[in-house]
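K.L.:
Please read through the structure below; I'll follow up with questions.
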Amino acid sequence: MQLNAPIGIFDCKLFLLIFIIVILYCSLRILKKSSAEIYFTGIFPIPSQISFLGIVLLFLHSQFQVFLKPTGSLCNLGCHYCYYLKKEHLYPRGEPFRMPEDLLETYIIQQIEASPGQVISFSWHGGEPILLGLDYFKRIVQLQQRHKPRDRIIRNGIQTNGTLLNEAWCRFFAEEKFMVGLSLDGPAEMHNRYRLTKAQKPTHKQALRGYKLLRHFGVPCDILCVVNAENVRHPLQVYRFFKEIKAQYIGFLPLVEPRPELEGCVSHRSVPAVAWGDFLSTVYDEWLSQDVGRVKVQIFEEAARTAFGQEHSLCIFRPVCGDIPVVEHNGDFYTCDHFVNPEHRLGNIQRVISAAGTCFYNMHTRLDEAVNGGRCSGLVDTVFSYSIFLVGNFPFRQVHFMPVNSIQQNQV
Ligand code: SF4
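Going by this note's numbering, the sequence shown opens with residue 57, and the numbers climb by one from there.
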């Protein structure tokens with residue numbers, strides 16, 4: 057009898073009906089309005105007009121930093137351990153790898169809209185962003201000033217290999233108060249082990265010249281040092297070199313290159329776990345006895361955060377990551393610098409992303425939080441091990457299946 061129809065079927069039909077109504081509603085709205093609007097206002101508490109980044113913010117419930125890659129993976133160097141150079145192959149042959157100005161402006165507007173605090177931060181990454189030329193960055197600053205609300209502050213950070221810096225760049229950075237991150241792997245013989253030009257020429261001299269120019273112009277500059285199988289054996293030499301050049305902030309980044317086919321599952325360049333621990337302990341002892349208050353070492357600061365009851369700020373130490381998405385040169389949006397691949401492309405900031413897709417993005421975060429925190433059984437992990445992401449041109453042209461655990465759980 058109808059009255060005895062199973063509740064599950066009834067629910068299913070009801071759900072289907074609501075789903076169809078929503079689709080019709082959204083489609084009608086799409087026909088009427090511009091592609092910069094989101095159409096799930098009836099179901100999700102989303103304003104009727106909101107940018108792509110705005111909606112990400114809405115679901116993350118927190119401020120997030122974006123790595124913007126206006127020149128994609130383009131770089132003048134060919135560092136042996138670079139994981140980003142090969143991203144070139146994600147895009148068609150002959151791709152210009154230069155974010156066009158109208159898209160740049162779209163991004164800047166969205167970033168400003170999606171930044172809730174007083175300070176609006178921009179992080180320019182690559183590849184090598186300096187390849188875009190100084191005029192491109194002058195234009196960036198102009199656009200930021202054009203769209204910035206009067207009572208807000210804009211801060212720019214840029215990550216560079218330093219080899220192309222000259223006086224004009226450093227003067228510009230000083231005037232516009234850019235923060236610079238510069239990659240240096242220690243003294244020349246260690247830096248030049250893997251950080252080479254595409255023609256396999258050493259780069260230490262040029263990078264150091266860039267660093268000294270930055271200091272000369274008073275530009276705040278952090279050092280990013282990749283710790284690999286070579287320089288890990290010389291912790292004090294590396295650390296003292298940075299002290300000699302008067303580095304005030306040092307980030308040590310362990311090199312881990314997955315190679316599942318090899319014994320140990322990582323490349324020969326990767327830093328061995330025990331050696332990495334010894335490296336940090338040795339540097340820590342010297343830092344503690346001589347340099348506290350004078351030199352900041354990112355990983356030690358991270359360790360101190362938990363002692364003061366603060367959440368880690370560095371993504372690799374957080375139980376759940378995903379708060380530093382990437383925008384590529386053509387507007388493609390990815391969850392993380394380490395997951396720039398077709399499986400983890402969430403959309404494009406120029407087009408409409410379905411609110412449902414972003415909602416699932418958020419669900420990933422929350423779900424993994426639960427799984428990582430041990431509050432969920434393995435069943436939940438299995439049931440939700442694939443979530444549907446609806447991305448690209450609305451309505452539902454592309455459907456992506458994303459393995460939850462590969463995207464949000466920290467694997468480093
Ligand atoms: S400088 Fe950076 S982006 Fe360029 S090849 Fe080296 S690691 Fe890659």
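C-beta: ideal position from N, C-alpha, C; glycine also.
When the Cα of Gly134 is compared with those of Lys302, Leu252, Cys281, Val197, which residue comes out closest?
P.N.:
Nearest option by C-alpha distance: Leu252.
K.L.:
Assuming Glu184 contacts Asn132 under a Cβ cut-off of 8 angstroms, what Cβ separation, rounded to an integer in Å, is found between them?
P.N.:
Right, the Cβ-Cβ distance comes to about 6 angstroms (below 8 angstroms), so this counts as a contact.
K.L.:
Run through the stretch 266-290 for me and flag every whole beta strand (DSSP E) of 3 or more residues, listed as ranges in chain order.
P.N.:
You should have 277-283.
K.L.:
Can you find a C-beta in chain C that's less than 8 angstroms from the C-beta of His203?
P.N.:
You won't find chain C in this structure, because it holds only one protein chain.
K.L.:
Which stretch, first to last residue, makes up the alpha helix (DSSP H) that contains Met469?
P.N.:
Outside the shown range of the chain, which is 57 to 468, sits residue 469, and nothing can be said about it.
K.L.:
Assuming Leu199 contacts Ile164 (C-beta within less than 8 angstroms), just tell me the rounded distance between them.
P.N.:
The Cβ separation is near 5 angstroms, so the contact holds.
K.L.:
Looking at C-alpha atoms only, which residue of Leu220, Trp225, His203 is the closest neighbour of Phe193?
P.N.:
With distances taken between Cα atoms, Phe193 lies closest to Trp225.
K.L.:
What do you reckon, is the C-beta of Asn217 under 7 angstroms from a heavy atom of the ligand HEM?
P.N.:
This structure lacks the ligand HEM; the ligands present are the ligand SF4.
K.L.:
Are the Cβ atoms of Val236 and Thr216 separated by less than 8 angstroms?
P.N.:
Going by C-beta atoms, Val236 is nearer than 8 angstroms to Thr216.
K.L.:
Strictly by DSSP, which residues pair up with Arg211?
P.N.:
Arg211 is bridged to Ser177.
K.L.:
Assuming Tyr140 and Asn284 make a contact with CB atoms under 8 angstroms, what is their CB distance in whole Å?
P.N.:
Not quite, the Cβ-Cβ distance comes to about 16 angstroms (not below 8 angstroms), so this is no contact.
K.L.:
To which residues does DSSP link Ser323 through a beta bridge?
P.N.:
In the DSSP output, where bridge partners are listed per residue, Ser323 has none listed.
K.L.:
Examine the ligand SF4 and report whether any of its heavy atoms sits within less than 7 angstroms of the Cβ of Cys371.
P.N.:
Not so, every heavy atom of the ligand SF4 lies at least 7 angstroms from the Cβ.
K.L.:
Do the stretch 328-339 and the stretch 363-379 meet, that is, are 3 or more Cβ pairs less than 8 angstroms apart?
P.N.:
Verdict: no, contact absent.
K.L.:
Ends of the alpha helix (DSSP H) at Ser337?
P.N.:
Segment 329-342, the alpha helix (DSSP H) holding Ser337.
K.L.:
Would Ser168 and Lys204 qualify as a contact pair, given that the criterion is a beta-carbon distance under 8 angstroms?
P.N.:
Reading off the sequence shown, one finds Ile at residue 168, where the question assumed Ser. A contact, by the Cβ cut-off of 8 angstroms.
K.L.:
Which residues bound the alpha helix (DSSP H) around Phe193?
P.N.:
Start and end: 190-203.
K.L.:
Within the present structure, is the beta-carbon of Glu286 separated from the nearest heavy atom of the ligand SF4 by less than 7 angstroms?
P.N.:
Not under cutoff, so the answer is no.
K.L.:
Assuming Asn212 contacts Glu232 under a Cβ cut-off of 8 angstroms, what Cβ separation, rounded to an integer in Å, is found between them?
P.N.:
Contact flag correct, Cβ pair sits at about 7 angstroms.
K.L.:
Suppose you measure from the CA of Ser104 to the CA of Arg407; what does that come to, to the nearest Å?
P.N.:
Note that Ser104 has pLDDT 40, beneath the 50 cutoff, so the model's placement of it is unreliable and no number is given.
K.L.:
Taking the DSSP output, what are the residues bridged to Met155?
P.N.:
None, per the DSSP bridge assignment.
K.L.:
The ligand SF4 and Arg44: does the residue's C-beta get closer than 7 angstroms to at least one heavy atom of that ligand?
P.N.:
The structure shown does not extend to residue 44, since the chain is modelled only from 57 to 468, so the question has no answer here.
K.L.:
Comparing C-alpha positions only, which one of Asp207, Cys321, Ser179, Ala263 sits nearest to Thr219?
P.N.:
Comparing Cα positions, the closest option is Ala263.
K.L.:
How is the alpha helix (DSSP H) around Arg227 delimited, first residue to last?
P.N.:
Where Arg227 is concerned, the enclosing alpha helix (DSSP H) stretches over 223-231.
K.L.:
What did DSSP end up calling Gly237 once you bin it into helix, strand or coil?
P.N.:
DSSP places Gly237 in strand when its eight states are reduced to three.
K.L.:
What's the gap between the Cα of Arg121 and the Cα of Pro381?
P.N.:
According to the sequence as given, residue 121 is Gln; it is not Arg. If you take the alpha carbons of Gln121 and Pro381, they lie about 7 angstroms apart.
K.L.:
Taking its Cβ as the centre, do 16 or more other Cβ atoms sit within 10 Å of Ser171, making it buried, or is it exposed?
P.N.:
Ser171 is buried by the Cβ-count criterion.
K.L.:
Please classify His181: is it buried, with 16 or more other beta-carbons within 10 angstroms of its beta-carbon, or exposed?
P.N.:
It counts as buried.
K.L.:
Please state whether the Cβ-Cβ distance between Asp334 and Lys299 is less than 8 angstroms.
P.N.:
Contact: no.
K.L.:
Taking 7 angstroms as the line, does the beta carbon of Ser326 fall inside it for any heavy atom of the ligand SF4?
P.N.:
No, the Cβ of Ser326 stays beyond 7 angstroms of every heavy atom of the ligand SF4.
K.L.:
Does DSSP put Ser441 in a helix, in a strand, or in coil?
P.N.:
Any answer about Ser441 is weak, because its pLDDT of 28 lies below 50 and its placement is not dependable; what the coordinates show is given next. Coil.
K.L.:
So, is Lys257 buried or exposed, given that buried needs 16 or more other C-beta atoms within 10 angstroms?
P.N.:
Under this definition Lys257 is an exposed residue.
K.L.:
Starting from Arg401, trace the beta strand (DSSP E) both ways and give me its first and last residue.
P.N.:
Taken as a continuous stretch (DSSP letters only), the beta strand (DSSP E) holding Arg401 covers 401-404.
K.L.:
Is there contact here, the stretch 124-131 with the stretch 382-389, by at least three beta-carbon pairs under 8 angstroms?
P.N.:
Counting Cβ pairs under 8 angstroms, three or more are found: they touch.
K.L.:
Using only the heavy atoms of the ligand SF4, determine whether one of them is closer than 7 angstroms to the beta carbon of Tyr140.
P.N.:
Flag set: Cβ of Tyr140 near the ligand SF4.
K.L.:
For Phe389, report the span of its beta strand (DSSP E) as first-last.
P.N.:
Its beta strand (DSSP E) spans residues 388-390.
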